[in-house]
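Notes follow once the structure below has been shown.
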Amino acid sequence: MKNVSDYINQLNTAWDSVDRDGLSASVEVVQRALRGGNSLFVVGNGGSSSTASHFVTDWVKGNRVLTGQKGKAFCLSDNTPMLTAISNDLEYSEVFSYQLQSYSTKGDVLVCVTGSGNSKNIIRVCEEAHLLGLSVVALTGFDGGATKKLADYNFHCPIDDMQIVEDMHLSFGHMVIRCQVRN
0 MKNVSDYINQ
10 LNTAWDSVDR
20 DGLSASVEVV
30 QRALRGGNSL
40 FVVGNGGSSS
50 TASHFVTDWV
60 KGNRVLTGQK
70 GKAFCLSDNT
80 PMLTAISNDL
90 EYSEVFSYQL
100 QSYSTKGDVL
110 VCVTGSGNSK
120 NIIRVCEEAH
130 LLGLSVVALT
140 GFDGGATKKL
150 ADYNFHCPID
160 DMQIVEDMHL
170 SFGHMVIRCQ
180 VRN
């Protein structure tokens, strides 16, 4: 990439490649959970973990400021002692599914933020969510990996560039509260 214009052009091209119906359905599932009192559990690794944590801030604090509605959202990658205890005593692939077993109730929603869609802990939490009766929303990039196949709802960014994918995923969280305000 040579300059800022190239980056912006790549980002615009990426947005043009998105399935808007899949994006809209994914946004609506999260909005319904916020309005309906169901809990949202959000997970991700690395930069996607940061995005997941940002979502929770927007969906709890931001949503309440904009709509007056109380939202229940929790980032399962925010509790470092919990993550290290589960990783050490069990294994890293269980860090999210173990928590989901403890905290979730049938009808809640799991939101997975993942570039590749192939992280073992993300795949495992999707499988556990289905066993527990949760809907799964996946935000994926690249080819979507196994997570895309396991999800009930997908916002898939079919781009092989992690930074572009991360930019698009972060926009999803903002769409959830901003589009809800305008409905």
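In numbering that gives the first Met the number 0, the protein residues as written are 0 to 182. Ideal placement from N, C-alpha and C gives every residue a C-beta, glycine not left out.
When you compare the segment 18-27 with the segment 42-49, are there three or more beta-carbon pairs, one atom per stretch, that lie closer than 8 Å? The segment 18-27 makes no contact with the segment 42-49; the number of CB pairs closer than 8 Å stays below 3.
Cβ-based neighbour list, Met81, same chain, cut-off 7 Å, excluding 5 preceding and 5 following: Excluding five sequence positions before and after Met81, the CB atoms of its chain that fall closer than 7 Å to its own CB belong to Gln98, given in chain order.
One question on the structure: do Gly140 and His129 come within less than 9 Å of each other, judged by their Cβ atoms? Not in contact: Gly140 and His129 (Cβ atoms no closer than 9 Å).
Secondary structure of Thr104, DSSP reduced to three states: In the structure shown, Thr104 sits in coil (DSSP, three-state: anything other than H, G, I, E or B).
Sufficient close CB pairs (3 or more, under 8 Å) joining the segment 75-89 to the segment 4-12: Output reads no: the segment 4-12 does not touch the segment 75-89.
Whose CA, out of Ser103, Lys147 and Val112, lies closest to the CA of Gly132? When only C-alpha atoms are compared, the closest one is Ser103.
Helix, strand or coil, according to DSSP, for Phe183 in the structure here? Residue 183 falls outside the range modelled here, since the chain spans only 0 to 182, and no answer is possible.
In angstroms, rounded to a whole number, what distance separates the CA positions of Thr12 and Pro157? Approximately 11 Å, taken between the alpha carbons.
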